[in-house]
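Novice: The structure follows.
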Amino acid sequence: MELRVLRYFLAVAEEGSITGGAELLRISQPTMSRQLQQLERELGVTLFERGQRSIALTPEGMLLRDRARALIELADKTVNDVTNRSTEDLDGEIAICCGELRGVDWLADRMVAFRARHPRVRFALFSATADVMQERLEQGLSDVAVMGGAIDAERFDFLHLPQSDRWGVMMRDDDALADRNEIMPVDLAGRDVLMQYRPQMRGMLDNWLGGVRDEITVAGTYNLPLNAATAVRHGLGIALCIDVGQIGDGLQFVPLTPRLDVPSAVVWRRGRTLNSSAAAFVKSLRDAGASDLLDPAD
């Protein structure tokens, strides 16, 4: 099974037709059809349900689509990393996956400064939750990730960023708590609340709530704060979340007291050699104030 044929398959899967896939890759339709039929014979499965004007993926086709995307992304990244090992004239791509954290603001300034010195370097940004970021680091699809909370120091190396994330309550402007400067646990008693879905964060919030935890109703969970913002805006409840800055009209953020902060860090896979550009970027972060001296579980 060749990567070239997998690219053909993905083009057809994404376009929804053999004609569309062939036009996207600028090859003839008969060539595309022949390659896909050969792929099905090689695998011994039917990948497409063929209609008169379009095609749909079978369950086997959906599985291959997901695996093919990861394979091709990894292959392209491997070529980038191997062919850009020179430290004198940095080139190529640095793949970064990020959560919705204030530390990304600090990181963005470092990215601008790094590209000013190395204009041939480009950044590939991928927004994700913590579990997806860890998978991408493990699979080699991303060079580094920006994550909040405790880091598994046995699996990952890390640099804590100078900027941490403060927790608070996201609410509508017309909420009864909107005029507060800070929110105490008792203020949330009897409220419908959206909670972070990560067990680590849920445990931290439960500790902060203390005895009030049994007096709130969990109306839902979220993975990224901007998703929670939409639910809050429509009245599903208020959200315990980090301060991500701009959250849109009609909403506001009020911080918690006692204060609750979570550090963020740039993380990469322990034991994996970074490409030259990524390694130089990590060094620039350390020089700019990111630190590996803090306890990753703080």
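1 is the number of the first residue of the sequence shown in the UniProt record's numbering; add one for each residue after it.
For glycine and all other residues, C-beta sits at the position ideal for the given N, C-alpha and C.
Remember, it's a predicted structure, so these values are computed and weren't measured experimentally.
1) Could you check which residue in R67, R41, A95 and P30 has the C-alpha nearest to that of L10?
2) Sort E100, T19 and F114 by Cα distance to S164 and report the nearest one.
3) So, with DSSP's three-state summary, where would you put G237?
4) Restricting to Cα atoms, I'd like to know which of N181, M170, W268 and G140 is closest to D191.
5) Hey, how far is the Cα of L260 from the Cα of D91?
6) In whole angstroms, give me the CA-to-CA distance for I18 and L64.
7) Kindly say whether E15, judged by its beta-carbon, lies nearer than 7 Å to any beta-carbon of chain D.
8) Using only the alpha-carbon positions, how far apart do G203 and L240 sit?
9) Going by beta-carbon coordinates alone, are R166 and D89 separated by less than 7 Å?
10) Closest by CA to I55, which one among T83, S142 and E15?
11) Count the other CB atoms, across all protein chains shown, that sit within 10 Å of the CB of D157; report buried if there are 16 or more and exposed otherwise.
12) With a cut-off of 8 Å, do at least 3 Cβ pairs link the segment 217-227 to the segment 262-272?
13) Hey, is the segment 107-125 in contact with the segment 230-238, meaning 3+ C-beta pairs nearer than 8 Å?
14) So the candidates are R50, E93, A130 and V104; which of them puts its Cα closest to the Cα of R198?
15) Among the residues of its own chain, which have a CB less than 6 Å from the CB of R180, if the five just before and after it don't count?
16) Rounded to the nearest angstrom, what separates T217 and V144 at their Cα positions?
Specialist: Working from what's here:
1) The residue labelled residue 10 in the question sits at position 10 within the sequence shown. With distances taken between CA atoms, L10 lies nearest to R67 out of R67, R41, A95 and P30.
2) Mapped onto the sequence shown, residue 164 falls at position 164. Ranking E100, T19 and F114 by Cα distance to S164 puts E100 first.
3) The count along the sequence shown starts at 1 and reaches residue 237 at position 237. Coil at G237, not helix or strand.
4) One-based indexing of the sequence shown puts residue 191 at position 191. Note that residue 191 is Arg in the sequence shown, not Asp. It is M170.
5) Position 260 of the sequence shown, counting from 1, holds the residue named residue 260. Position 91 of the sequence shown, counting from 1, holds the residue named residue 91. The straight-line gap from Cα to Cα measures roughly 40 Å.
6) The count along the sequence shown starts at 1 and reaches residue 18 at position 18. The count along the sequence shown starts at 1 and reaches residue 64 at position 64. Cα-Cα distance, rounded: 17 Å.
7) The structure shown contains no chain D; it holds only a single protein chain.
8) As a position in the sequence shown, residue 203 is number 203, starting the count at 1. As a position in the sequence shown, residue 240 is number 240, starting the count at 1. Straight-line Cα distance between these residues: approximately 13 Å.
9) By one-based count along the sequence shown, residue 166 stands at place 166. By one-based count along the sequence shown, residue 89 stands at place 89. In this structure, R166 keeps its C-beta atom at 7 Å or more from the C-beta atom of D89.
10) Your numbering for residue 55 matches position 55 in the sequence shown. Taking I55 as reference, the option from T83, S142 and E15 with the minimal CA-CA separation is E15.
11) By one-based count along the sequence shown, residue 157 stands at place 157. Here D157 is buried, its C-beta having at least 16 other C-beta atoms within 10 Å.
12) No contact exists between the segment 217-227 and the segment 262-272.
13) Output reads no: the segment 230-238 does not touch the segment 107-125.
14) Translated into the one-based positions of the sequence shown, residue 198 becomes position 198. Taking the Cα of R198 as reference, the smallest distance to any Cα among R50, E93, A130 and V104 is reached at A130.
15) Walking along the sequence shown from the start, residue 180 turns up at place 180. So the qualifying residues of the chain are V254.
16) Within the sequence shown, residue 217 is the residue found at index 217, counting from 1. Within the sequence shown, residue 144 is the residue found at index 144, counting from 1. A direct Cα-Cα distance of roughly 37 Å separates T217 from V144.
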